[in-house]
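Shown next, in structure tokens, is the structure this report addresses.
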Amino acid sequence: MTRPSTIAIPMDDDVRATLSSALAQLLEGPARALVVVTMVASAVVFTEPAPVDLLMLLLFVALPLARLITITRPLAAFTALCLVPVATAFLGTLYAIDVPPALTHTAVTAFLAGGSLLIAAFVMNAPERHTRLILNAYTGAAIIAAIAGIIGYFNILPGAGEIFTRYSRATGTFKDPNVFGPFLIAPFVYLLHRLLTPTQRFKSILAAAALLLAFGVLLSFSRGAWFCLAVATMAFALFSFITAPSAHERTRIALVAIGAVMAATIFLAIAMQFDAISDLMAHRASLSQGYDEGPEGRFGGQQKAKALILANPLGIGAQQFGVFFHSEEAHNVYLSIFLNAGWIGGLAFIAIFAFTAIFGFNHALRRSAIQPLFLVVYVVFLAHALEGFIIDLDHWRHLHLLIGLVWGLMLAPELTSNYIERPIRLARTLRAAR
Numbered sequence: 059m060t061r062p063s064t065i066a067i068p069m070d071d072d073v074r075a076t077l078s079s080a081l082a083q084l085l086e087g088p089a090r091a092l093v094v095v096t097m098v099a100s101a102v103v104f105t106e107p108a109p110v111d112l113l114m115l116l117l118f119v120a121l122p123l124a125r126l127i128t129i130t131r132p133l134a135a136f137t138a139l140c141l142v143p144v145a146t147a148f149l150g151t152l153y154a155i156d157v158p159p160a161l162t163h164t165a166v167t168a169f170l171a172g173g174s175l176l177i178a179a180f181v182m183n184a185p186e187r188h189t190r191l192i193l194n195a196y197t198g199a200a201i202i203a204a205i206a207g208i209i210g211y212f213n214i215l216p217g218a219g220e221i222f223t224r225y226s227r228a229t230g231t232f233k234d235p236n237v238f239g240p241f242l243i244a245p246f247v248y249l250l251h252r253l254l255t256p257t258q259r260f261k262s263i264l265a266a267a268a269l270l271l272a273f274g275v276l277l278s279f280s281r282g283a284w285f286c287l288a289v290a291t292m293a294f295a296l297f298s299f300i301t302a303p304s305a306h307e308r309t310r311i312a313l314v315a316i317g318a319v320m321a322a323t324i325f326l327a328i329a330m331q332f333d334a335i336s337d338l339m340a341h342r343a344s345l346s347q348g349y350d351e352g353p354e355g356r357f358g359g360q361q362k363a364k365a366l367i368l369a370n371p372l373g374i375g376a377q378q379f380g381v382f383f384h385s386e387e388a389h390n391v392y393l394s395i396f397l398n399a400g401w402i403g404g405l406a407f408i409a410i411f412a413f414t415a416i417f418g419f420n421h422a423l424r425r426s427a428i429q430p431l432f433l434v435v436y437v438v439f440l441a442h443a444l445e446g447f448i449i450d451l452d453h454w455r456h457l458h459l460l461i462g463l464v465w466g467l468m469l470a471p472e473l474t475s476n477y478i479e480r481p482i483r484l485a486r487t488l489r490a491a492r
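59 is the number of the first residue of the sequence shown in my numbering; add one for each residue after it.
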């Protein structure tokens with residue numbers, strides 16, 4: 059039996075381009091909707107991989123097909139830098155005592171880095187629209203997580219305490235209170251930005267949402283999260299004051315900041331009336347805990363980590379230190395990367411954070427159409443970069459999201475070449491504020 063013959067229909071470049079454009083237009087709306095769903099799903103991390111990881115895989119396909127990403131040479135250069143710690147971490151697995159966990163951890167690192175770069179390319183395609191899309195969905199996710207944490211902490215629903223708390227601390231829809239707390243901070247600062255916008259409506263609702271997120275951070279009883287929230291909030295207030303276009307606007311920001319401090323003080327005083335909060339607060343507010351001290355404590359572990367780093371230029375592989383050399387991980391992301399990826403990978407990781415902070419500072423002082431949005435993600439990134447000295451956060455999904463947002467906004471072609479005015483000079487602004 060002979061097979062039926064097929065006829066190949068020639069297709070010129072114009073037809074291909076037309077079909078590709080039609081497909082992109084067809085997928086544009088669903089692809090943006092998928093971004094929203096992915097951001098909302100980022101609030102649920104009970105298991106590994108989490109639902110957000112599977113959705114991110116779909117975004118790797120959907121966004122390019124919908125032509126919703128922009129790739130430039132500067133982004134390609136940043137991508138090359140991001141590949142260095144990943145590649146050296148894979149090299150470090152050759153020296154791991156237990157190879158499978160090291161390989162798995164490094165593969166996850168590569169996936170998260172790729173997701174960060176995808177977000178950057180997505181933001182570069184339509185900076186203001188896509189940044190707001192992400193932050194609005196992220197804020198919704200944070201509110202869901204915070205409500206779950208509050209319900210669990212006070213055991214409002216039967217069995218909620220077992221699901222949404224750990225070690226008598228709120229975890230919300232996360233496994234770890236130390237991740238739950240910091241996850242809420244970017245949406246909190248974003249709500250502050252919206253409250254500072256003169257034309258913003260429904261400010262009472264936004265203020266209530268901000269208080270809800272702040273309460274969620276409090277109930278996480280994570281000292282790192284408290285520190286991160288304080289740094290991000292103060293940095294946002296300072297940058298907003300410095301970059302305000304007029305003396306009237308600076309006065310308004312100062313008054314809002316004073317009001318916010320007073321509201322936070324009153325809110326904290328009320329919260330401390332609950333024994334379940336005040337007792338744990340008194341315990342957690344100490345700068346050091348019992349498990350921090352001694353040769354087997356956190357600080358002793360960091361001394362071991364430094365000695366291992368000096369003795370192993372190519373690293374020891376991921377997930378090895380807390381199993382074979384100490385009772386837990388180093389609780390310092392910079393030390394952990396040196397352990398995982400060696401000297402070259404560690405220096406490259408520091409370079410990524412340093413370049414983000416330095417170039418971001420310059421960008422923060424340039425008045426552009428979306429400067430306030432940039433300040434939101436930049437100050438929260440800075441706070442996380444500092445928190446990295448006391449915790450391992452290289453696998454925090456929302457940190458990679460922040461890095462993608464910062465670089466997407468910095469490298470957006472329409473913004474890097476078309477500022478409203480030249481960079482704001484700090485001294486001139488401070489003189490005008492007197």
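Glycine included, every Cβ here is placed at the ideal spot set by N, Cα and C.
### Message
Taking 8 Å as the cut-off, does the stretch 189–201 touch the stretch 126–139 (at least 3 CB pairs, one atom from each stretch)?
### Response
They do not touch, by the three-pair rule.
### Message
Please report the straight-line C-alpha distance between V434 and F294, rounded to a whole angstrom.
### Response
In this structure, the alpha-carbon of V434 lies about 7 Å from that of F294.
#### Entry: Close Cβ partners of T128 (< 7 Å) along its chain, the five nearest in sequence each way excluded
Excluding residues within five positions, the ones whose Cβ falls inside 7 Å are A179, M182, N183.
### Message
Rounding to the nearest angstrom, what Cα-Cα distance links I482 and S298 in this structure?
### Response
The predicted position of I482 is uncertain, since its pLDDT is 49 and thus under 50; a value taken from the coordinates is nonetheless stated next. Roughly 12 Å between the two C-alpha positions.
### Nearest-angstrom Cα separation, counted from P109 out to V103
Those two C-alpha atoms are separated by around 8 Å.
### Query
Which residues does DSSP pair with T223 in a beta bridge?
Answer by DSSP bridge pairing, in chain order: A228.
### Touching by the beta-carbon criterion (3+ pairs, under 8 Å), the stretch 464–473 and the stretch 243–251
In short, these stretches do not touch, since the Cβ pair count stays below three.
#### Entry: Neighbourhood of A302 by C-beta, 7 Å cutoff - its chain only, sequence neighbours within 5 removed
Within the same chain, A302 has close Cβ partners R308, I311.
### Query
Taking the alpha carbon of K364 as the point to measure from, which residue in V381, L397, S385, F332 has its own alpha carbon closest?
Taking only the C-alpha atoms, the option nearest K364 is L397.
### Task
For R480, collect the residues of the same chain with a Cβ closer than 7 Å to its Cβ; drop the 5 residues on either side in sequence, then sort them by chain order.
With a pLDDT of only 44 at R480, under the threshold of 50, the placement of this residue in the model should not be trusted, and no figure is reported.
### Query
By the 10 Å Cβ neighbour count, where 16 or more other Cβ atoms means buried, how is V93 classified, buried or exposed?
With 16 or more other Cβ atoms within 10 Å, it is buried.
### Query
Can you give the beta carbon distance from F244 to L440, rounded, assuming they're within the 8 Å contact cut?
The displayed chain sequence assigns Ala, not Phe, to residue 244. Rounded, the Cβ-Cβ distance is 12 Å, inconsistent with contact.
### Query
Touching or not, the stretch 372–387 and the stretch 145–160, by the rule of three or more beta carbon pairs under 8 Å?
By the criterion of at least three beta-carbon pairs nearer than 8 Å, the stretch 372–387 is in contact with the stretch 145–160.
### Query
What are the uninterrupted segments assigned as alpha helix (DSSP H) that are 4 or more residues long and contained completely in the stretch 270–339, given in chain order?
Whole alpha helix (DSSP H) segments, 4+ residues: 281–301, 305–329.
### Task
Please list, in chain order, all residues of the same chain as E387 whose beta carbon is under 7 Å from its beta carbon, the five residues on each side excluded.
So the list reads F379, G380, S394, D450, once near-sequence residues are dropped.
### Query
Which whole-angstrom value describes the C-beta separation of L115 and A99, a residue pair presumed to lie in contact below a C-beta threshold of 8 Å?
Between L115 and A99, the beta carbon gap of about 12 Å keeps them out of contact (Cβ cut-off 8 Å).
### Task
Any chance you could list the alpha helix (DSSP H) runs of at least 4 consecutive residues sitting entirely within the stretch 87–117, in chain order?
Note on the stretch 87–117: there is no whole alpha helix (DSSP H) run with a minimum of 4 residues.
### Query
Just to confirm, are A171 and V144 a CB contact at a threshold of 8 Å?
Going by C-beta atoms, A171 is nearer than 8 Å to V144.
### Query
Assuming A101 contacts A200 under a Cβ cut-off of 8 Å, what Cβ separation, rounded to an integer in Å, is found between them?
Taking C-beta atoms under 8 Å as the contact rule, A101 and A200 qualify, at a distance of about 7 Å.
### Task
State yes or no: is the C-beta of A89 within less than 8 Å of the C-beta of L126?
Contact: yes.
### Query
When burial is assigned at 16 or more other CB atoms within 10 Å of the CB, is E106 buried or exposed?
Looking at its Cβ environment, which holds fewer than 16 other Cβ atoms inside 10 Å, E106 is exposed.
### Query
Do G210 and I221 have their C-beta atoms closer together than 8 Å?
Taking 8 Å as the Cβ cut-off, G210 and I221 qualify as a contacting pair.
#### Entry: Under 8 Å between C-beta atoms of A124 and A82
Taking 8 Å as the cut-off, the Cβ atoms of A124 and A82 count as close.
### Task
Determine the direct distance from the alpha carbon of L215 to that of I416, and round the result to whole angstroms.
Between the alpha carbons of I416 and L215 lies a gap of roughly 47 Å.
### Of the residues A204, H458, A305, R455, the one placed nearest A268, counting alpha carbons only
Measuring C-alpha to C-alpha distances from A268 to each of A204, H458, A305, R455 identifies A204 as the nearest.
### Message
Rounded to the nearest angstrom, what separates L444 and A288 at their Cα positions?
### Response
Cα-Cα distance, rounded: 12 Å.
### Task
Take L161 and list the residues in its own chain whose beta-carbon comes closer than 6 Å to its own, dropping the five residues that flank it on each side.
The answer, listed in chain order, is T151.
### Query
So what does DSSP say about I416, is it helix, strand or coil?
Residue state for I416 is assigned as helix, using DSSP reduced to three classes.
### Under 8 Å between C-beta atoms of T189 and L368
Cβ distance not < 8 Å, so T189 and L368 don't count as in contact.
### Query
Straight-line CA distance for L366 to A165?
Cα to Cα, L366 sits roughly 23 Å from A165.
### Query
Using DSSP with H/G/I as helix, E/B as strand and the rest coil, what is P471?
P471 falls in the helix class under three-state DSSP.
### Query
For F383, which residues of its own chain have a beta-carbon under 7 Å away from its beta-carbon, when the five flanking residues on both sides are left out?
Apart from the 5 residues on each side of it in sequence, F383 sits with its Cβ closer than 7 Å to the Cβ of K362, L366 in its chain, given in chain order.
### Query
Within this structure, are the beta carbons of S278 and F332 separated by less than 8 Å?
In this structure, the beta-carbon distance from S278 to F332 does not fall below 8 Å.
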